[in-house]
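Chains as they are written, first to last, in the working numbering: chain A, 2 to 214; chain B, 2 to 214.
Just so you know, even glycine gets a beta-carbon here, dropped at the ideal spot from N, CA and C.
Note that the coordinates shown come from a computational prediction; the quantities given were computed from them, not determined experimentally.
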DNA sequence: CCATAACTACCGGGAAACCGGTAGTTTCGC
DNA sequence: GCGAAACTACCGGTTTCCCGGTAGTTATGG
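Laid out in structure tokens, this is it:
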């Protein structure tokens, strides 16, 4: 639409908070070398606007209603493997950060970070870099030491968080109650806790699971 | 500092996310009748800046690191009972909303709300109104039907969320384990659950407790 | 083809939690 | 001063959970 946007970095901003979108837009539009070409508040909208605008860089919040930011990233990267995505997240230590990076996100920025970092990261990512902040690097390394939960274990703790008993979890997953207890013990061991309540809160803190609506 | 700020509504913005602060500032400064005179990222800073600037309206996020938004509101209203405060919060259904309103907040706005509502609410609050959105009103009414947790019950579920056993909770609160179990049963009953894990997740969803650190 | 990881399943014992009662004390408002 | 609510405490019984083992099956990958 604009006329003299020859070499500007074209950005898609995805966040369900209008105020955050405005903050990002303002910050970016103040830069001479970048501009926000579209904003989305949901994953579905993001996919549509991405196809329509083909932005150079996409800023993606992870906590979206409905389709999550992680799922959105996976879809975008599947159809467009060269999509450059910067994750914008609330809390550090969120397990989803690592899953997002594994899904192809190029970098992540905390919402508590001063916004100068955001534009710097956008420039780096646009140049093809994958800037990795030191705390993420150390936590990625730490993941190798204490391995993440397996798929099945995530399913179990997800149901635990819903208040299900082991017997009910067994029924839901069509496995024996004994097996559920094995998964439970492995979860406790990995998270460094001794009961299910602490396991659920620990998993929530680390972003392994989320409180659904 | 500025010259022609004769009749403008002077606003203090409190939020730990720089991008949100920028979004709010941008939105407000675009209005002809209001301006942001100061921004704070913590409760302590907010109290200091409030005393310094005496804003007409304070926009307050509830989820602040360290001193919570709720505590900050209580302090502000205790020293300045005429302080007009608009709560800016993430999720609706957050118990803290009602505690904030009881503590003297004049209104609340969701971060997912379109930002036009924010400036409208600010104007109303500045005129002395306490605009109450319908869903808050219904939920306030609902609180009378199913009473909120008592102080002691909140203390118990807080410790539950930390993974403490009943015996440990009893020791922490210097009461008998039997009494803890009584509180636990009352909590389950009020929250409509049957075990502690579900109680903790339900309390987290409703904003009765929060995941610290 | 062998190792590793993930998932499955079982057993027995002990600890913790949950349930349904009853009941005394304090505190607060009417 | 009386009722209501909150907090405290106890009992007996049942269920669920937690722990420490052992072990078979199925990919996955070097």
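Contact set between residue i and chain A, taken where Cβ atoms lie within less than 7 Å
i	result
residue 197/B	198
residue 50/B	By Cβ distance, chain A contributes nothing, its closest Cβ being about 18 Å from residue 50/B, past 7 Å.
Counted within 10 angstroms of its Cβ, other Cβ atoms place residue i as buried (16 or more) or exposed
i	result
residue 115/B	exposed
residue 199/B	buried
residue 19/A	buried
residue 66/B	exposed
residue 208/A	buried
residue 168/A	exposed
residue 42/A	buried
residue 151/B	exposed
residue 35/A	buried
residue 133/B	exposed
residue 197/A	buried
residue 101/A	buried
residue 47/B	buried
residue 22/A	buried
residue 106/B	buried
residue 121/B	exposed
residue 85/B	buried
residue 95/B	buried
Under 8 Å by beta carbon: chain A residues contacting residue i
i	result
residue 212/B	202, 205, 206
residue 21/B	18, 20, 21, 24, 112
Contacts of residue i in chain B (Cβ-Cβ under 8 Å)
i	result
residue 61/A	Within 8 Å Cβ-Cβ: nothing; residue 61/A doesn't reach chain B, min ~14 Å.
residue 169/A	The contacting residues do not exist; residue 169/A stays about 11 Å from chain B at best.
residue 88/A	Within chain B, no residue comes near residue 88/A; the closest Cβ sits about 14 Å away, beyond 8 Å.
residue 126/A	In chain order: nothing, as chain B lies at least about 17 Å away.
Within chain A, partners of residue i - CB distance below 9 Å
i	result
residue 95/B	Within chain A, no residue comes near residue 95/B; the closest Cβ sits about 12 Å away, beyond 9 Å.
residue 17/B	112, 113
Alpha-carbon spacing of residue i relative to residue j, whole angstroms
i	j	result
residue 76/B	residue 103/A	45 Å
residue 98/A	residue 211/A	13 Å
residue 3/A	residue 30/A	Caution is warranted here: a pLDDT of 46 is assigned to residue 3/A, below 50, making its placement in the model unreliable, and no coordinate value can be reported.
residue 206/B	residue 52/A	35 Å
residue 204/A	residue 37/A	35 Å
residue 55/B	residue 81/B	10 Å
residue 195/A	residue 72/B	33 Å
residue 33/B	residue 49/B	27 Å
residue 123/A	residue 178/B	55 Å
residue 40/B	residue 13/B	6 Å
residue 127/A	residue 10/A	7 Å
residue 201/A	residue 165/A	12 Å
residue 111/A	residue 186/B	39 Å
residue 109/B	residue 69/A	26 Å
residue 174/A	residue 44/A	28 Å
residue 17/B	residue 113/B	17 Å
residue 189/A	residue 83/A	39 Å
residue 119/B	residue 25/A	18 Å
residue 15/B	residue 59/B	7 Å
residue 182/A	residue 62/B	41 Å
residue 180/B	residue 92/A	36 Å
residue 1/B	residue 8/A	Because chain B is modelled from 2 through 214, residue 1/B falls outside the range shown and cannot be assessed.
Residue i CB to nearest heavy atom of the ligand GTP below 7 Å
i	result
residue 20/B	No copy of the ligand GTP occurs in the structure displayed, which carries no ligand at all.
Residue i - partner residues in DSSP beta bridges
i	result
residue 40/B	14/B
residue 77/A	In DSSP, residue 77/A forms no bridge with anything.
residue 90/B	111/B
residue 62/B	89/B
residue 161/A	Paired residue(s): none; residue 161/A is not in a bridge.
residue 35/A	10/A
Which of the residues in the segment 24-45 of chain B, read from start to end, lie with their CB under 9 Å from any CB of chain A? Going along the segment 24-45 of chain B in chain order, one finds 24, 25, 26, 27, 28, 42 with a Cβ nearer than 9 Å to chain A.
Residues in the segment 151-166 of chain A having any Cβ partner in chain B nearer than 9 Å: Per Cβ criterion, the list reads 161, 162, 163, 164, 165, 166.
Contacting positions in the segment 109-121 of chain A - beta carbon closer than 8 Å to chain B: Those residues of the segment 109-121 of chain A that come within reach of chain B (Cβ to Cβ, closer than 8 Å) are 112, 113, 114, 115, 116, 119.
Name, going along the chain, the residues of the segment 170-195 of chain A whose beta-carbon falls closer than 7 Å to a beta-carbon of chain B. Per Cβ criterion, the list reads 194.
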